[in-house]
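Chains as they are written, first to last, in our numbering: chain A, -13 to 96; chain G, 9 to 127.
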Amino acid sequence: GNSVTQMEGPVTLSEEAFLTINCTYTATGYPSLFWYVQYPGEGLQLLLKATKADDKGSNKGFEATYRKETTSFHLEKGSVQVSDSAVYFCALTGGNKLIFGTGTLLAVQP
Amino acid sequence: GAVVSQHPSRVICKSGTSVKIECRSLDFQATTMFWYRQFPKQSLMLMATSNEGSKATYEQGVEKDKFLINHASLTLSTLTVTSAHPEDSSFYICSANGDETGGSNQPQHFGDGTRLSIL
């Protein structure tokens, strides 16, 4: 079945450091891929998405490229801020459902 | 656009109480909504898919009689935790597809969640 594997956290970075959070997937067909962010005590917010191979989703300085050949959708940001501290979830569509990775906690220190 | 409102944000109640959580799509119609449960420092677990005008579809291992779902209109789904016990304490989150015409490629939009604490 479909599944998502994310790198385990926590990821601790200093402000302005480069961020990569790895995400790989297993799926039949051609799912859409998403990154969601969850700030403490809140629900999930869509960060970015990509619906087909080689699409690049981007938002608020974050980027991720749908790589079919490596079945990956790694999240990157060139310069993180303290306000980026949150849990990041990679997800893909399976039918009308979302399948989530386990989430990666990012802690950015000033 | 595509705002999902969830209420209440936090509930603290005694064991044996039934608790109702509401999920509303504020600026769009949602024939399908989803209910998730999240344990501390863990991912979201899909509990059920709520279908307007019909019975909810529950995931394996989720007790239907424990978690009652009603989706009586295109903008409202409710989850009732019946006779809640401390093990039901968790963070419950609802979501809905932002564009029903877009099919499964459209992102889900999430409510802010409900923190349920059973004493």
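For each residue, glycine too, the CB sits at the ideal point set by N, CA and C. Just so we're clear, the structure is a prediction, and the values are computed from it rather than from any experiment.
The C-beta of Q37(G) comes no closer than 8 Å to any C-beta of chain A. Sorting Q116(G), G69(G), T88(G), G119(G) by C-alpha distance to the C-alpha of T25(G) places T88(G) at the top. Taking 8 Å as the upper bound for CB-CB distance, A80(G) and V27(G) are not in contact here, some 18 Å apart. Note on A39(A): under 16 other CB atoms within 10 angstroms of its CB, so exposed under the neighbour-count rule. The beta carbon of L19(A) does not come within 8 Å of any beta carbon belonging to chain G, so the residue lies off that interface. The continuous beta strand (DSSP E) containing Q116(G) extends over residues 116 to 118. Under DSSP, Q67(A) shares a beta bridge with no residue. Annotation for D96(G): V89, L124, I126 place their beta carbon closer than 7 Å to its own, counting only its chain and skipping 5 residues before and after.
Using a Cβ-Cβ cut-off of 8 Å, I101(G) is close to G29, L30 of chain A, given in chain order.
Against chain A, the CB of G119(G) has a partner CB under 8 Å away; the residue lies at that interface. Taking I77(G) as reference, the option from T57(G), P115(G), T83(G), G121(G) with the minimal CA-CA separation is T57(G). In the three-state reduction of the DSSP assignment, E1(A) falls in the coil class, being assigned neither a helical nor a strand state.
Contact with chain G is absent for T12(A), since none of that chain's Cβ atoms lies less than 8 Å from the residue's Cβ. In the same chain as S44(A), and ignoring 5 residues on each side of it, the C-beta atoms closer than 7 Å to its own belong to L34, in chain order. Taking a cut-off of 8 Å on C-beta distances, the stretch 69 to 76 of chain A touches the stretch 7 to 24 of chain A, as three or more cross pairs fall below it.
The alpha-carbon separation between E55(A) and I20(G) amounts to approximately 48 Å.
Cβ neighbours of G80(A) within its own chain (closer than 6 Å, five residues either side excluded): N(-12).
Here E62(A) carries a strand assignment [DSSP, helix/strand/coil].
Beta-bridge pairing by DSSP links T57(G) to F42(G), T65(G).
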